[in-house]
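Working notes, structure below.
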Amino acid sequence: MITSEAMFAEQTQRAILHGLHWTASIVELLGVVVIICGVVVATAWSFGELRHGEFVAAFGSYRAILGRGILLGLEFLIAADIIGMVAIVPSFDRLGILALIIVIRTFLSFSLQIEIEGRWPWQRHAAAPDKADHAGL
Numbered sequence: 329m330i331t332s333e334a335m336f337a338e339q340t341q342r343a344i345l346h347g348l349h350w351t352a353s354i355v356e357l358l359g360v361v362v363i364i365c366g367v368v369v370a371t372a373w374s375f376g377e378l379r380h381g382e383f384v385a386a387f388g389s390y391r392a393i394l395g396r397g398i399l400l401g402l403e404f405l406i407a408a409d410i411i412g413m414v415a416i417v418p419s420f421d422r423l424g425i426l427a428l429i430i431v432i433r434t435f436l437s438f439s440l441q442i443e444i445e446g447r448w449p450w451q452r453h454a455a456a457p458d459k460a461d462h463a464g465l
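Residue 356 in my numbering sits at position 28 of the sequence shown; the count goes up by one each step and never skips.
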């Protein structure tokens, strides 16, 4: 005979897992929405620059804004994958798939960051122009 305590524990566990599945789905949807918003904002911004005849600036802005939107969207998608992994019964197969997905998405994020900034992340401070150079000092 199942006690009411055991039934309550089982129902609670099911409710938590159901909530985690919904949370993962919402975070995943949010990641897709962020990427779509990045496309819309990048396109609108670039059309504004194109109206002024600045093709090179419009192209650079489009790539930078779009890349940042994709980067932020990828972060949400990685978070959704991690939440989804917690929500299901972990196994070595699923853990391996999750690790592979995270490695691929992290590599994409890293590559996009390099593409946007045009330098390695550890060169950030070395590549920043000195304010004294602009002042003519």
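The beta-carbon is built from N, C-alpha and C at its ideal position, and this holds for glycine as well.
Asked                                                                                                                                        : Found
Does DSSP classify Ser437 as helix, strand or coil?                                                                                          : helix
Look at the alpha carbon of Ile344 and the alpha carbon of Ile363, and state the distance between them as a whole number of angstroms.       : 29 Å
Return the CA-CA distance between Asp409 and Leu426, expressed in angstroms with no decimal places.                                          : 7 Å
Compute the distance between the beta-carbons of Leu394 and Gly366, then report whether it is under 8 Å.                                     : yes
Among residues of its own chain, excluding the 5 on either side of Ala407, which ones have a beta-carbon nearer than 7 Å to its beta-carbon? : Val355
Please report the distance separating the alpha-carbon of Ile429 from that of Phe435.                                                        : 10 Å
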